[in-house]
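Residue numbers (the numbering used here): 1 to 387.
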Ligand SMILES: [Zn+2]
């Protein structure tokens, strides 16, 4: 580091494991011994690092090792889905300390959903003996989000949420930084960080459930685009979709021909008695040929859009998640067939197409990491940027 490192930068060194003793911090930063002591004392006092007495002995007195203190605060997180919302309290490493799922229709609107989420956080905090150590709040919502403002867009999907600026509503009860992002972006971040970060930096996450959406990890970070709408692949049309009118008003969007909703509709049109994705999953497991064919066809159509995304983004892995991952095999077979046929050879040379490793927990983890990265950033710790 060419200039004097701040307290916040010293915390990053300890968190990353790059420097974990006072001597190492001095070497990496070039700070004087008193300056290192001053910054470490501040981090100890704020409860963000702790001292481990036991260090590897090098003959003399072992150096005191510093460790990031994941118990130095909690974050409140909620991953809102169309019909089910996951709500949790996490430590500063993103581990859930308490968690509950609530069945609620997100279309009930923010006036109903947000108070319910906040009441649930209060209840979970009470269960741990209070909430004076809350350092931030993170939400994933099934809508396009203008990330910087925490404002939901996308009138087509959640009409009652359009234009709602969520952070001030939450901050009136929890006066801490509040971050809001699109649900699939949050899931993609959680999946990448917890399952793939050590091996690759470029990942395309595609969520296939009631609807279809994607989150793009590029160069290790989430790709949001100018207004946060990057990855909204659901309304890209497919070829030969059969002229299905999509809820957005266009024809043959991948969402209208390959989502869970579309699979159910296609099976019903064939006279099959299915009411939920669980019914479809049962039929796939039982090896029902007609169902497998419908799911595989959905996979092929999804594959068309993913092939285009692969050519554009060149990810190392495409991760398929969401409820429809249950029927992974015929769906992924369809996706693979088309992606390897239509993407360039270079883009697919070492491309993997896999099922989500984290499963439904990825949303909670991703929300927590989104908040933690912000509130523990060097700028936030040093007070040089309002979180
Ligand atoms: Zn559409």
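Glycine residues also receive a C-beta, built at the ideal position from the N, C-alpha and C atoms.
Judged by beta-carbon spacing, residue 306 lies beyond the 9 Å limit of residue 295, meaning their Cβ atoms are not closer than that value. By DSSP's assignment, residue 182 forms a beta bridge with 141. Relative to residue 125, the option among 88, 151 and 142 whose CA is nearest is 88. Residue 246: not part of any alpha helix (DSSP H); DSSP gives it neither H nor E.
When only Cα atoms are considered, residue 293 and residue 300 end up about 10 Å apart. The C-alpha of residue 310 is placed about 8 Å away from the C-alpha of residue 348. Less than 9 Å divides the Cβ of residue 210 from the Cβ of residue 323.
Less than 9 Å separates the beta-carbon of residue 141 from that of residue 181. The alpha-carbon separation between residue 262 and residue 239 amounts to approximately 16 Å. It is roughly 15 Å from the alpha-carbon of residue 84 to the alpha-carbon of residue 359. Per DSSP, the continuous alpha helix (DSSP H) segment holding residue 337 begins and ends at 328–342. Here the alpha carbon of residue 364 sits roughly 21 Å from the alpha carbon of residue 132. Counting only the Cα atoms, residue 51 lies some 43 Å from residue 314.
If you draw a straight line from the Cα of residue 45 to the Cα of residue 282, it is about 55 Å long. Of the residues 18, 23 and 28, the one whose Cα lies closest to the Cα of residue 3 is 28. Segment contact: the segment 198–206 against the segment 270–282, fewer than three CB-CB distances shorter than 8 Å; contact not assigned. Residue 367 and residue 97 do not touch by the CB rule: their CB atoms are close to 14 Å apart, not below 8 Å. Its chain contains 378 as the residues whose beta carbon lies nearer than 6 Å to that of residue 9, once the 5 sequence neighbours on both sides are disregarded; these appear in chain order. Considered as a whole, the segment 259–327 harbours 317–321 as its complete beta strand (DSSP E) runs of no fewer than 3 residues, in chain order.
Beta-bridge pairing by DSSP links residue 68 to 49. Counting only heavy atoms of ligand 1, the residues whose C-beta sits closer than 5 Å to one of them are, along the chain, 235, 246, 248, 250 and 253. Residue burial is scored here from C-beta neighbours: residue 123 has fewer than 16 other C-beta atoms within 10 angstroms and is therefore classed as exposed.
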